[in-house]
Amino acid sequence: MSRISSITTHDVRFPTSLELDGSDAVNVDPDYSAAYVIVRTDSGEEGHGFVFTCGRGNDIIVRAIESYASLLVGRDADELVNDLGEASRRLVHDSQLRWLGPEKGVSHMACGAVVSALWDIRARREGKPLWLLLSTMTPEELVDVVDFTHISDALTPAQALDILRAGEAGKADRIAALQANGYPAYTTSPGWLGYSDEKLVRLSREAAAEGFSMIKLKVGGSLADDRRRLRLAREAVGPLPIAIDANQRWDVPDAITWVNELAEFNPYWIEEPTSTDDILGHATIRRGVTPVRVATGEAVANRIVFKQLLQAGAIDVLQLDSTRVAGVNENIANILLAARFGVPVCPHAGGVGLCELVQHFSFFDYAAVTGTQEGRMIEYVDHLHEHFAEPVRIVGGRYAAPQRPGTGAEMLTASRERWEFPSGAGWLEVGGRAAVSASQATVVGQR
Ligand SMILES: [Mg+2]
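With the first letter of the sequence shown counted as 1, position 40 gets the number 39 in numbering that gives the first Met the number 0; the numbers rise by one all the way through.
Next up, the structure:
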């Protein structure tokens, strides 16, 4: 028997605000960060997980991860890893920690990092990348890891089982197709608000030439700028789909007006038009901007909000995120909910490491759940991949199938140490130039 011997955390931040990579109408100066956790067993195994944040506050999630981790140290690792449904439920529904949510925000995200680190151990034990582990689990095993609490009015275990059993037909062929051809990607790299017109046009052209299925532009700063940038992008990519993303910038009436002002550029979807909690607002916006699709999900707190967005007919595209919810289990629930309502999943990615993580869910969706790539693609942003043990590979505008056993979360030790905040060598070199600086941290007296 092996036991969980230690759980260590790291506050890892990258000074992306120096280049305005990742800048949008709301996130004007992000320093892409990972609240990172390593779960170790006394037989020498490691499981890695993290939560993505935009910088400040990463330390808060690290502390929350430590609170969840303390529930696992000393416990039987085999019991946890062999019954990930029960392991997840224990953490998510901890009777004291759940007060901080329940099932939303800092505590939920922290819980997800720990849950996913356990999945990382499981996938490594089985010698499979997460997508292939999930795709080769039986429908019964998959249903067993899903928490149906508060979603059973929309999706029962029996209905989930039906979806997964239907997904068994042709699964081996689809796994082979994924290994050979990967999965479609779209890119957000050209469209950050902080980029010049020249950079926008150059990157848009490059994206089209590289074979991406779509590009995405950030909008919502100024209507005149949005019109100019969309016109330039449309000229650069021709008929290639262009999505727009407002990062929750607008109130409901403004969203409808603004999107209709941009309708002549034929946006494929409007992403996060308003508050991510406003389910009925999304439904109203969807009615007001049709035929432009409405997409959201990267900041949706849990499966219960996704359920309501689907029940209310509020979204055309479900953008699950790998570190916003409570890890692998809850994202399986979100994928099954989307399948139940016939809404395509186009995951959110970017940040640091989100591409590495989230690709596994789309591969699983295709292999074992919906069996289709129609109207589906994974977001791609070309930043910070070099810090990971298995960086994503894009071939001809598609994600190539990850091969390394695990969830994809493992960051290189050298990167983790260099960018540990605020004491890593990288941060000492950056000094006060990034949006978050090591000197501020010292003044505030952070850990
Ligand atoms: Mg977005």
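Cβ atoms here follow ideal geometry from the backbone N, Cα and C, with glycine treated the same way.
Predicted model, so just to flag it, every value in this text is computed and none were measured.
Considering Cα atoms alone, identify which of R286, L229, A223 and L427 is closest to N265.
L229
Just how far apart, CA to CA, sit E378 and D28?
20 Å
Please go through the same chain and pick out, in chain order, the residues whose beta-carbon is closer than 8 Å to the beta-carbon of N330, but skip the five residues on each side of it.
L319, S321, V324 and F360
By how many angstroms is the C-alpha of S115 removed from the C-alpha of G104?
16 Å
For the region 152-170 against the region 362-369, are there 3 or more C-beta pairs whose distance is under 8 Å?
yes
Expected contact under 8 Å - CB spacing of R335 and V145 to nearest Å
It should be noted that the sequence gives Leu, not Arg, for residue 335. About 7 Å separates the two Cβ atoms, so the contact holds.
At a cut-off of 7 Å, would you count H347 as near ligand 2, judging by its Cβ distance to the nearest heavy atom?
Absence of ligand 2 from the depicted structure is noted, with ligand 1 being the only ligands included.
How do the region 126-137 and the region 390-408 stand: do at least 3 beta-carbon pairs fall below 8 Å, yes or no?
yes
Is E355 near ligand 1, with its Cβ less than 7 Å from a heavy atom?
no
Relative to the C-alpha of V299, which residue among S66, M108 and H47 is closest?
M108
On the CB-based measure, 16 or more other CB atoms within 10 Å of its CB, does V394 come out buried or exposed?
exposed
Classification of N81 by the beta-carbon crowding that lies within 10 angstroms, buried from 16 upward:
exposed
Going by CA-CA distance only, name the one from F420, A433, A434 and W426 that's closest to I59.
F420
By the 10 Å Cβ neighbour count, where 16 or more other Cβ atoms means buried, how is T137 classified, buried or exposed?
exposed
Just how far apart, CA to CA, sit R164 and F147?
18 Å
Where does E270 sit, in a helix, a strand or coil, going by DSSP?
strand
For the beta strand (DSSP E) holding Y379, just list the boundary residues, first then last.
I377 to Y379
At what residue ranges does the region 44-122 contain a whole run of the beta strand (DSSP E), taking only runs of 3 or more?
45-52
Are there 16 or more other CB atoms within 10 angstroms of the CB of K198, so buried, or fewer, so exposed?
exposed
Would you call the region 61-68 and the region 277-285 touching, i.e. three or more CB-CB distances under 8 Å?
no
When you compare only the Cα positions, how much space is there between G100 and N301?
11 Å
Taking DSSP as the reference, what is the three-state secondary structure of V258?
helix
In the structure shown, what three-state DSSP assignment does R2 receive?
strand
Assuming contact is defined by CB atoms lying nearer than 8 Å, are P189 and A232 in contact in what I supplied?
yes
Taking the C-alpha atoms as reference points, what is the distance between N328 and E209?
34 Å
If distances are taken between C-alpha atoms only, which option among E102, V218, E18 and N180 comes closest to G396?
N180
When you compare only the Cα positions, how much space is there between I314 and G430?
43 Å
Bridge partners for S151 per DSSP, in chain order?
DSSP, once it has assigned bridges, lists no residue as partnering S151.
Going by CA-CA distance only, name the one from D276, V357, R204 and I162 that's closest to G341.
I162
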